[in-house]
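Numbering (the UniProt record's numbering), first residue to last: 1 to 78.
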């Protein structure tokens with residue numbers, strides 16, 4: 001009985017940590033959308049902001065990868 005409750009807690013925690021993967025997808029969408037909005041307003045400055053776009057996407061994806069790793073650790077940790 002006690003082992004079942006511990007397993008349930010692991011899976012609930014892993015599910016909550018996996019929400020971060022979806023949230024990172026939303027973050028990447030915001031970064032790309034804001035870049036596109038700015039590039040359409042001022043096309044001449046878009047080339048200079050491309051590196052900033054990729055850095056923002058990388059940071060948002062890194063948070064998603066970290067939350068995925070936490071979910072895996074919670075599911076398979078003994």
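Note that beta-carbon positions come from the ideal geometry of N, C-alpha and C, so glycine has one too.
Report the option in the options whose CA atom is closest to the CA atom of residue i.
{"i": "residue 61", "options": "6, 37, 15 and 29", "result": "29"}
{"i": "residue 71", "options": "4, 12 and 46", "result": "12"}
{"i": "residue 36", "options": "76, 4 and 50", "result": "50"}
Could you tell me how far apart the beta carbons of residue i and residue j are, in whole angstroms, since I believe they sit closer than 8 Å?
{"i": "residue 14", "j": "residue 74", "result": "4 Å"}
{"i": "residue 46", "j": "residue 39", "result": "4 Å"}
Is residue j closer than 8 Å to residue i when the C-beta atoms are compared?
{"i": "residue 32", "j": "residue 67", "result": "no"}
{"i": "residue 22", "j": "residue 63", "result": "no"}
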